[in-house]
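Number of protein chains: 2
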Amino acid sequence: MIRRLPQARDRGIPEATVARLPLYLRALTGMTERGVATVSSEDLAEAAGVNSAKLRKDLSHLGSYGTRGVGYDVEYLIYQISRELGLTQDWAVAIVGVGNLGRALANYGGFVSRGFRVAALLDSDPDVVGDRIAGLNVEHIDELETVIARRGVSIVVIATPAAAAQQVCDRVTAAGVTSILNFAPVVLSVPDGVDVRKVDLSIELQILAFHEQRKADRESGGPVMAEEWQRGESA
Amino acid sequence: MIRRLPQARDRGIPEATVARLPLYLRALTGMTERGVATVSSEDLAEAAGVNSAKLRKDLSHLGSYGTRGVGYDVEYLIYQISRELGLTQDWAVAIVGVGNLGRALANYGGFVSRGFRVAALLDSDPDVVGDRIAGLNVEHIDELETVIARRGVSIVVIATPAAAAQQVCDRVTAAGVTSILNFAPVVLSVPDGVDVRKVDLSIELQILAFHEQRKADRESGGPVMAEEWQRGESA
DNA sequence: CTCACTTTGTGCATCTGTTCACAAAGGGAT
DNA sequence: ATCCCTTTGTGAACAGATGCACAAAGTGAG
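Residue numbers (my numbering), protein chains in the order written: chain Z, 4 to 238; chain B, 4 to 238.
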């Protein structure tokens, strides 16, 4: 039986915490730019849009980096979170699919700012290959494996149409990539050990629609009962 | 005390379930296009990339729409999920900020396909105002309130630079919008009753980097045990 | 009708995440 | 040094989500 010590410095950081660390990092970066040297959990939590107990518990998973009665040193905390997230090293990212979205991503400043470097843009469309976007030459998808190997690409962003995504995914995983950010609206199947994160614009809208509908229902005198539909004769 | 009946048709659908319904919907749509009339929880779960017990529990929150020994009627289930998500009605969406990302969103087919209609594109840049994108005229941000009111916009997508986002947010909430999809890398503060969903490209990358780093650590000689760090003399 | 087989819907145990509330720790004033 | 004030770090209660495993419900063959 694996006994998990309840120590800090335990390397098992909860997934929910990991997802919030970038948020704290951004808030802290803003503060350091405004010359703030020290921040309390209360203030940082407010800036990040979470409650302060949660913030403190999250940070406690990294170690004990605050000073009671005072708060956290902004610079130091930035460094600790960056290190934990692996942002002190430089990640080479390839973007596959240079349509509207791929272009937007290539030009997105937020990528470059924090340890990420767009190392390649790839597409299959001959009209697009050769274009210069965000200072990079768009290369043909045939070069995928070569580019990944030569430039040490470890994260691939898939911004292709849905139909091409699985195929691209298969090729990049075969080439040894184990981290994929997928914008195509499909469920990718990948070998064990490969992480896929998905960003799906239409899913987000659908979730909003759900809540919006519910708000509307509540205002206009309750749910529209009994639009009951006879079961069976649909098809 | 409010006694919540453990019945199906209970309108309290868990958030986690709501977030998966669009996934099921997409899988089902694919099936109906391939002429599949009936599907088991096992197969649908596989297509959506979840486990089958979870799928069944999720669907059971909508009601009891399956047939034991047979499975679910694809068309009927599509209808039920669509209705629950509010996709049987037509949602007018306005996109504020017509940079690379805004353009990508305006052209994204997935929006239109399911009940969402891009009703307006707005920007503050005079060079962009007047452009025709995805069949729409880009309008000046000054028209924001008018456009929202006239076209019945109920969901606003913010795709502006970070610096402009809160201001746009304030204006659209003042105009009565209660659902916002935010792509700008800032924490928006909104009045009670307003739903904000956030899509943040760089956060997703940072989460991937964290896991990637961890995988790298593990391979290069196991967890770096006893990198124990003496507490206190850091900083 | 009865039996064998399939697949749903759900009670229950478990795990993960959130929030409360407070003791412990540090700072600064006197 | 002592006292008071602030703020962290965390135990414990609670809440929410997941997954197992099985009874209940349906189909179809004989």
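Ideal Cβ placement from N, Cα and C applies to all residues, glycine included.
Below-8 Å beta-carbon distance, residue i vs any chain Z residue
i	result
L108(B)	yes
V131(B)	no
E222(B)	no
V193(B)	no
A22(B)	yes
Proximity test, Cβ basis, 8 Å: residue i and chain B
i	result
A229(Z)	Per-residue confidence for A229(Z) stands at a pLDDT of 35, beneath the threshold of 50, marking its modelled position as unreliable; no derived number is given.
L204(Z)	yes
G89(Z)	yes
E146(Z)	no
D198(Z)	yes
R117(Z)	yes
V150(Z)	no
P188(Z)	yes
G113(Z)	yes
E142(Z)	no
A19(Z)	no
Classification of residue i by the beta-carbon crowding that lies within 10 angstroms, buried from 16 upward
i	result
A48(Z)	buried
N54(B)	exposed
G105(Z)	buried
R23(B)	buried
D128(B)	exposed
E87(B)	buried
D93(Z)	exposed
R7(B)	Below a pLDDT of 50, predicted positions are generally treated as unreliable, and R7(B), at 38, falls in that range; no measurement from the model is reported.
R153(B)	exposed
D145(B)	exposed
D130(Z)	exposed
P164(Z)	exposed
P25(B)	buried
G179(B)	exposed
P188(B)	buried
N185(Z)	buried
Continuous alpha helix (DSSP H) stretch holding residue i: start and end
i	result
R200(B)	Unbroken run through R200(B) is the beta strand (DSSP E), D198 to K201; no alpha helix (DSSP H).
S157(B)	Segment V156 to I161 is the beta strand (DSSP E) holding S157(B); no alpha helix (DSSP H) there.
E18(B)	E18 to E36
D130(Z)	Taken as a continuous stretch (DSSP letters only), D130(Z) belongs to no alpha helix (DSSP H), as it is neither H nor E.
L208(Z)	L204 to E222
A107(B)	N103 to N110
Residue i: first and last residue of the uninterrupted beta strand (DSSP E) it sits in
i	result
R120(Z)	F119 to D126
V1(Z)	In the structure as shown, chain Z starts at 4 and stops at 238, and residue 1(Z) therefore has no counterpart that could be examined.
E142(B)	L139 to H143
The ligand ZN heavy atom lying under 7 Å from the CB of residue i
i	result
I84(B)	Ligands in the displayed structure: none, and consequently the ligand ZN is not present.
**Item:** Residues, ordered as in the chain, of the segment 152-166 of chain Z that lie near chain B by beta-carbon distance below 7 Å
**Value:** So the list reads S157 and I158, given in the order they occur along the chain.
**Prompt:** If you scan the segment 47-86 of chain Z from start to end, which runs of the alpha helix (DSSP H) of 4 or more residues do you find wholly inside it?
**Reply:** 55-63, all fully within the segment 47-86 of chain Z.
**Positions along the segment 167-185 of chain Z whose CB lies within less than 7 Å of some CB in chain B** = The segment 167-185 of chain Z vs chain B, Cβ under 7 Å: T181, S182 and L184.
**Asked** Residues in the segment 209-220 of chain Z with C-beta within 9 Å of chain B's C-beta atoms, listed in sequence order?
**Response** For the segment 209-220 of chain Z, the set of positions with a beta-carbon nearer than 9 Å to some beta-carbon of chain B reads Q209, I210, L211, A212, F213, H214, E215, Q216, R217, K218, A219 and D220 in chain order.
**Request:** With 8 Å as the limit, tell me which residues of the segment 25-53 of chain Z have their beta carbon closer than that to any beta carbon of chain B; keep them in chain order.
**Result:** Answer set for the segment 25-53 of chain Z: P25, L26, L28, R29, A30, A50, A51 and G52.
**Message:** Can you pull out the residues from the segment 67-78 of chain Z whose beta carbon lies closer than 7 Å to at least one beta carbon of chain B?
**Reply:** Hits within the stretch, in order: S67 and D76.
**Prompt:** At a Cβ cut of 9 Å, what residues of the segment 81-105 of chain B count as close to chain Z, listed as they run along the chain?
**Reply:** Within the segment 81-105 of chain B, those residues whose Cβ lies closer than 9 Å to any Cβ of chain Z are, in chain order, Y82, Q83, R86, E87, L88, G89, L90, Q92, W94, V96, G102, N103, L104 and G105.
**Request:** Give, in chain order, every unbroken run of the beta strand (DSSP E) that is at least 3 residues long and sits entirely within the segment 165-202 of chain Z.
**Result:** Within the segment 165-202 of chain Z, the complete beta strand (DSSP E) segments at least 3 residues long are 182-185 and 198-201, listed from N- to C-terminus.
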